[in-house]
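*Asks:* Just so you know, we're using my numbering here: the sequence shown kicks off at 225 and counts up by one.
I have a structure here, written as structure tokens, and I will follow up with some questions on it.
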Amino acid sequence: MLKTGILNPALLELVARVRHTNTLVIADRGFPFWPQIETIDISLVDDVPTVLQVIDALRANFAIGRVWAAQEFLARNDGAQQHELRRRFEGIQLEFEPHVEFKRRVPHALGLIRTGDSIPYSNLIIESA
Numbered sequence: 225m226l227k228t229g230i231l232n233p234a235l236l237e238l239v240a241r242v243r244h245t246n247t248l249v250i251a252d253r254g255f256p257f258w259p260q261i262e263t264i265d266i267s268l269v270d271d272v273p274t275v276l277q278v279i280d281a282l283r284a285n286f287a288i289g290r291v292w293a294a295q296e297f298l299a300r301n302d303g304a305q306q307h308e309l310r311r312r313f314e315g316i317q318l319e320f321e322p323h324v325e326f327k328r329r330v331p332h333a334l335g336l337i338r339t340g341d342s343i344p345y346s347n348l349i350i351e352s353a
């Protein structure tokens, strides 16, 4: 029995299949459903878990090479939330692009993890190193 780290079996199975340069989407509660992408829904209630909590859990065993986020995140969220996002990815390339462009990357992802996050435009695409 697992005692630490990610305990969700579906999430573990998805993450175990990620290889070099594969991407995963970590999405907020309102992100559209993409029928062609495997989705692991771990939302429970508002803000449980958050996108950044999922990132924190993944970081122990996941080498992140690059991250994409929507430019709209910067416009819709305060400095504290922006700082928390940037802090998670110190030393990792973090690119902000229009949300329309961000969504064009989604169909190429290996999977999507839906959270309960209510922060506007908190969605991320992470690429394995």
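Heads up, the beta-carbon is just placed ideally off N, CA and C, and yes, glycines get one too.
Thinking C-beta only, is residue 235 closer than 7 Å to residue 264?
*Replies:* Locating residue 264 in the sequence shown gives position 40, where the first residue counts as 1. Locating residue 235 in the sequence shown gives position 11, where the first residue counts as 1. The answer is yes: Cβ separation under 7 Å.
*Asks:* Given a cut-off of 7 Å, decide if residue 287 and residue 353 are closer than it, judged by their beta-carbon atoms.
*Replies:* Along the sequence shown, read from residue 1 onward, the residue named residue 353 stands at position 129. Along the sequence shown, read from residue 1 onward, the residue named residue 287 stands at position 63. Yes.
*Asks:* Is residue 262 helix, strand or coil when you go by DSSP?
*Replies:* Locating residue 262 in the sequence shown gives position 38, where the first residue counts as 1. If DSSP states are grouped into helix, strand and coil, residue 262 belongs with the strands.
*Asks:* My output table needs one value for residue 337: the three-state DSSP class, helix, strand or coil.
*Replies:* Here residue 337 is taken as the residue at index 113 of the sequence shown, counted from 1. If DSSP states are grouped into helix, strand and coil, residue 337 belongs with the strands.
*Asks:* Look up residue 324 in the DSSP assignment and say whether it is helix, strand or coil.
*Replies:* As a working mapping, residue 324 is identified with position 100 in the sequence shown. Of the three classes helix, strand and coil, the one that applies to residue 324 here is helix, per DSSP.
*Asks:* Output the distance between the C-alpha atoms of residue 292 and residue 339, rounded to the nearest integer angstrom.
*Replies:* For the purposes of this step, residue 292 is taken as residue 68 along the sequence shown, with counting starting at 1. For the purposes of this step, residue 339 is taken as residue 115 along the sequence shown, with counting starting at 1. Each residue's Cα considered, the two are about 17 Å apart.
*Asks:* Who are residue 304's beta bridge partners in DSSP?
*Replies:* Residue numbering aside, residue 304 sits at position 80 when the sequence shown is read from its first letter. None; residue 304 has no bridge partner.
*Asks:* Is the distance from the Cβ of residue 326 to the Cβ of residue 294 below 7 Å?
*Replies:* Position 102 of the sequence shown holds residue 326. Position 70 of the sequence shown holds residue 294. Against a cut-off of 7 Å, the Cβ pair of residue 294 and residue 326 comes out as a contact.
*Asks:* Classify residue 281 as helix, strand or coil using the three-state DSSP reduction.
*Replies:* The residue labelled residue 281 in the question sits at position 57 within the sequence shown. Helix at residue 281.
*Asks:* Evaluate contact between the segment 301-313 and the segment 231-245, counting only Cβ atoms and requiring at least three cross-stretch pairs below 8 Å.
*Replies:* no
*Asks:* Tell me the residue span of the alpha helix (DSSP H) that contains residue 238.
*Replies:* If you number the sequence shown from 1, residue 238 lands on position 14. Counting along the chain, the alpha helix (DSSP H) containing residue 238 begins and ends at 233-240.
*Asks:* Measure the beta-carbon distance from residue 313 to residue 297 and round it to whole angstroms, keeping in mind my assumption that it falls under 8 Å.
*Replies:* In the sequence shown, residue 313 corresponds to position 89, counting from 1. In the sequence shown, residue 297 corresponds to position 73, counting from 1. Going by Cβ atoms, the distance from residue 313 to residue 297 rounds to 13 Å, so no, they are not a contact pair.
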